[in-house]
Structures are given as C-alpha cells and as structure tokens.
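**Q**
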Amino acid sequence: LIDLEDNVQRRKRGENEYFSALKQDLLPRATRGPMARMTRREQKVSLAQLLFSEDDGSEDKGPSEVFMDSVGDEEDPAVLKHRKERLSQAQAALRLSLLLREPACTALSLAELCKRRLALSGKMGAPSALRCAEKAIEIAGDGFWDGDEVAIEAEDDPVLDPKYERNATTPGLAHPTTLKLLPLRVSNLCKRSALLQHGNALAAEGKQEEARASYEKVLPLIAGEPRCARVDWERHSVYINIGNTFSRTGDFDLADEQFKIAESLGTDHLNAEEGSKFDGSGMVIGAKRARAFAMKKAGREQEAKDLLKEVIEAQIKLNMEEEAKKKKQQSSQSAATEAVTNGAKP
694 LIDLEDNVQR
704 RKRGENEYFS
714 ALKQDLLPRA
724 TRGPMARMTR
734 REQKVSLAQL
744 LFSEDDGSED
754 KGPSEVFMDS
764 VGDEEDPAVL
774 KHRKERLSQA
784 QAALRLSLLL
794 REPACTALSL
804 AELCKRRLAL
814 SGKMGAPSAL
824 RCAEKAIEIA
834 GDGFWDGDEV
844 AIEAEDDPVL
854 DPKYERNATT
864 PGLAHPTTLK
874 LLPLRVSNLC
884 KRSALLQHGN
894 ALAAEGKQEE
904 ARASYEKVLP
914 LIAGEPRCAR
924 VDWERHSVYI
934 NIGNTFSRTG
944 DFDLADEQFK
954 IAESLGTDHL
964 NAEEGSKFDG
974 SGMVIGAKRA
984 RAFAMKKAGR
994 EQEAKDLLKE
1004 VIEAQIKLNM
1014 EEEAKKKKQQ
1024 SSQSAATEAV
1034 TNGAKP
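Residue numbers 694 to 1039, in the numbering used here, belong to the letters of the sequence shown in order.
(1) Tell me whether residue 913 sits in a helix, a strand or coil according to DSSP, three-state version.
(2) Would you mind listing the alpha helix (DSSP H) stretches within the segment 922–946 that are 4+ residues and don't spill past its ends, in chain order?
(3) What is the DSSP secondary structure of residue 863, reduced to helix, strand or coil?
(4) Alpha carbon to alpha carbon, how far is residue 993 from residue 738? Give it in angstroms, no decimals.
(5) I believe residue 897 touches residue 819 by the beta-carbon criterion, under 8 Å. Please report the beta-carbon distance rounded to the nearest angstrom.
(6) Hey, how far is the Cα of residue 943 from the Cα of residue 990?
(7) Once DSSP output is grouped into helix, strand and coil, what is the label at residue 1040?
(8) When DSSP labels each residue in this structure, what does residue 760 get in the three-state scheme?
(9) Compare the beta carbon distance of residue 931 and residue 698 with 7 Å and say whether it is the shorter of the two.
(10) Would you please state the rounded distance, in angstroms, between the beta carbons of residue 813 and residue 825? I believe it to be under 8 Å.
(11) Let me know if residue 832 comes out buried or exposed under the rule of 16 or more other beta-carbons within 10 Å of its beta-carbon.
(12) Do the segment 921–935 and the segment 776–785 touch if we need at least three Cβ pairs shorter than 8 Å?
(13) May I ask you to verify whether the segment 863–877 touches the segment 898–908, counting CB pairs closer than 8 Å and requiring at least 3?
(14) If we count Cβ pairs, one from each stretch, closer than 8 Å, do we get three or more for the segment 833–842 versus the segment 854–865?
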C-alpha cells in the first residue's frame, strides 16, 4: 500500500526522472550478496516477505496483535529456534529497508523487531523492544531521525555508545518536507503499528498505565478507516490490549468493558451480510479468551474454566470449518485444472 501511494504521488507530480532511474537500475539497492541479481522492485518484494509472510507453523500467524507474556524458562527448543529465525528476518528487513532508503519500511521493520524481541525474550527483551518501538514512532513523526542510530537495532546484541552524538537529519514521515511528497496516511499507517508495539513493550515492563496510553493513541488514527476485517482486527487488538492492562492491575470490570467492545466488532461481522464470518468468529473467540484469563486473575476460577472450555470448543469448530473450506477450494481447483488438461470446458 505504501509503495502504491508513493508511485501514484510521483506520477501525479510528473517525476519522469525517478521512473527513468528506476528503469535504468540507478536507484539504491543491494548490489552484493544473494540479492545482487535482483532488481530494486524484486528486493522490495523480498522486504515485504521478510516482514509479513507467515508459514503454517508461525505462532504469531494471524491478524491479532494482542500481547501475551507467555515466555517461560523451559520453552520448547523448536519454538525458540523458530522465534530466533523470525527475529533474524526482521533484522534483515531493517538492514534492507535502510539500504533501499525506504523510511516507511524502516519504521515497520522496527515495529516488527519490537514484536519479535518480546516473543523471544519476554520481559527480558522489553528494554530493547521498547527502544525499537520508540525509534519507529520517531520515524513516523514530524521531526528528524538518525539512520546510524536505527541501523544498530539490526545487530543481535546492540551496544549503544553513551558518547554517541546523534545526527538526526532525516525528516520523519509526518515532517512538512515529507508531506510534500507523501500523504499523511503513510505516516499514520506506520505510527499505528509502532504505537501498538510500543504499548506491548511497556506492558511487558509492567508499566500498565503507560501501555494503555500508547494503545489509546492508536484509536484516533483508525477512527476514519472503513469497517473491514483487516482494520477491525487492529481495533480488536487495541481494545483487548487495553482490557488486559486493566486486568493486570486488578480491575476486572474496566477490563471487561474493553473486551465487550472487542467482542461486538466480531458480532457485527457475523450479523452483517457483507461481514467476514470467519474473522467475526475469531474476534468473538479472542474476546472471550481474554475475558476468561481476566476472570482467572480476578479469582473467578470456575467461571474462567467454563468460559475457556467454551472458547476451546468454538476454536476447534472454527478450525474444522476453515479446513473443510480449504479442501473444497482445493478440490474445485484440481477439478478445473484436470478439465483444462483433458481439453474439456471447466
């Protein structure tokens, strides 16, 4: 979406030199290593894959961005290996986005680094995760940022020199200079992601009020967005995260108010003719799961068990329905392919 916005704006401004340079391969791209043979466009596709591709084994697969501090001392080695690989992908994305001089992708890479550091190390990784989120917010903002200061986050164990003098000369995505070239929407897209992960990092540090304030800053940025599954999942994640901050400080009633809002987003999809039934069911299940965990923290053990049982049964049913739908689609595709191969009309 960001890339499309950029191209549209450049064409409107008649930047023929840019497209000529792109065609002649004169714009920044990786010229060494495994990507050297790729065009800039292909490298940008690889960047998107590093950031957003998911395989069936990904524990963070899906649209939800709810923070759960579930990192323990005895994690399964295969799970830890997978989390380290996901972290390495985000680090590679950060290096590539800086090389390509794509600030929006740099901000998104930092937000993903925050998320994946929390997944790998939990509270222990919160300080470095928080640092990444703060830098992502800075890039999305109206000030200036320092590329060298950002680049260090691509290292496995970043060591920050206390004597380092900042050289913040690159304008942020909401800076007036940038807004002459790109719409504010690009800044908002990056800021939404950064603020959400910023809240998650603060929650991991136990700073629930500060985390809640960060989550709440996301809501005005998506207030004017359409009611579609992708954006509603973002809203859903924000409300669940806000509710969890109340739950962690012992206020179940305020937490449940947020869970009810999140649940209503899913119910809307289930009731609307044009709604996504699968996503709607997932949102309702997610809200009930959060409520069950909050009940357990509030000492309402039996209610929590009963609700969690309902959640598990609903999730199993939803998974089975989705699997059946996939098999039906695969069967239809196979039949169409066979018909074409045999010369028949599909």
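Think of the CB as a built atom: it goes at the ideal place given N, C-alpha and C, for glycine as much as any other residue.
**A** In terms of the structure at hand:
(1) For the purposes of this step, residue 913 is identified with residue 220 of the sequence shown, where counting begins at 1. Residue 913 falls in the helix class under three-state DSSP.
(2) 922–941
(3) Walking along the sequence shown from the start, residue 863 turns up at place 170. The DSSP-derived three-state label of residue 863 is strand.
(4) Working through the sequence shown from its first residue, we reach residue 738 at position 45. Working through the sequence shown from its first residue, we reach residue 993 at position 300. A direct Cα-to-Cα measurement between residue 738 and residue 993 gives close to 48 Å.
(5) For the purposes of this step, residue 897 is taken as residue 204 along the sequence shown, with counting starting at 1. For the purposes of this step, residue 819 is taken as residue 126 along the sequence shown, with counting starting at 1. The beta-carbon distance between residue 897 and residue 819, rounded to whole angstroms, is 4 Å. This is short enough to meet the 8 Å contact definition.
(6) On the sequence shown, position 250 is the one that residue 943 refers to. On the sequence shown, position 297 is the one that residue 990 refers to. About 8 Å.
(7) In the structure as shown, the chain starts at 694 and stops at 1039, and residue 1040 therefore has no counterpart that could be examined.
(8) The residue labelled residue 760 in the question sits at position 67 within the sequence shown. Under the three-state reduction of DSSP output, residue 760 falls in the coil class, being neither helix nor strand.
(9) Translated into positions along the sequence shown, residue 931 becomes position 238. Translated into positions along the sequence shown, residue 698 becomes position 5. Not a contact, by the Cβ cut-off of 7 Å.
(10) Here residue 813 corresponds to residue number 120 of the sequence shown, with the count starting at 1. Here residue 825 corresponds to residue number 132 of the sequence shown, with the count starting at 1. Wrong, their Cβ atoms sit about 13 Å apart, outside the cutoff.
(11) Residue numbering aside, residue 832 sits at position 139 when the sequence shown is read from its first letter. By the 10 Å Cβ count, residue 832 comes out buried.
(12) no
(13) Judged by Cβ distances under 8 Å, the segment 863–877 makes no contact with the segment 898–908, as fewer than three pairs qualify.
(14) yes
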